[in-house]
Amino acid sequence: MPRYLTRFSYTPETWAMMIAQPEDRRKAAAACIESVRGTLHRFWDSFGEHDGINLGEAPENVSMAAVALAIGGGALSSIETTALLTVEETFEALARAQSVGYRAPGATA
Numbered sequence: 001m002p003r004y005l006t007r008f009s010y011t012p013e014t015w016a017m018m019i020a021q022p023e024d025r026r027k028a029a030a031a032c033i034e035s036v037r038g039t040l041h042r043f044w045d046s047f048g049e050h051d052g053i054n055l056g057e058a059p060e061n062v063s064m065a066a067v068a069l070a071i072g073g074g075a076l077s078s079i080e081t082t083a084l085l086t087v088e089e090t091f092e093a094l095a096r097a098q099s100v101g102y103r104a105p106g107a108t109a
């Protein structure tokens with residue numbers, strides 16, 4: 001199943017609510033991903049550019065996009081999801097790239 005790394009930040013209002021009433025957001029994140037037949041593997045809170053990071057799986061990109069759209073519209077000020085490749089998938093992509101007929105702009109044929 002495809003894997004995804006999601007980085008997100010909470011709105012100031014969400015931080016205020018969580019300060020007033022702390023809540024473990026792993027449960028909510030897991031429920032969202034499970035609703036599309038996926039799995040939440042890890043969830044970390046962080047500080048710096050992002051307030052949290054999670055690692056999960058979903059059946060395909062459309063399912064994970066649906067999760068990001070659903071949760072991105074309220075309590076979050078930003079959300080970024082990156083599809084991840086295994087090392088084996090990277091080698092497969094490298095092999096396939098050899099047969100892609102790309103010509104850079106300005107290059108002669």
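Mapping the sequence shown onto UniProt numbering, position 52 (from 1) lands on 52, and the numbers just tick up by one.
The C-beta atom is built at its ideal place from N, Cα and C for all residues, glycine as well.
Check	Outcome
Figure out for me which residue from S35, N54 and D24 has the closest Cα to the Cα of A83.	N54
Quick check: what's the CA-CA separation for A93 versus P2?	15 Å
Enumerate, from N- to C-terminal direction, the unbroken beta strand (DSSP E) stretches of 3 or more residues contained entirely within the stretch 23-105.	39-45, 52-57 and 76-84
For the beta strand (DSSP E) that contains T14, what are its first and last residues?	Note, T14: premise wrong, no beta strand (DSSP E); alpha helix (DSSP H) at P12 to A20.
Measure the CB-CB distance between D51 and Y10 and report whether it falls below 8 Å.	yes
Verify whether the separation of the beta carbon atoms of A70 and C32 is less than 8 Å.	yes
So the candidates are T108, A107, F8 and A95; which of them puts its Cα closest to the Cα of G48?	F8
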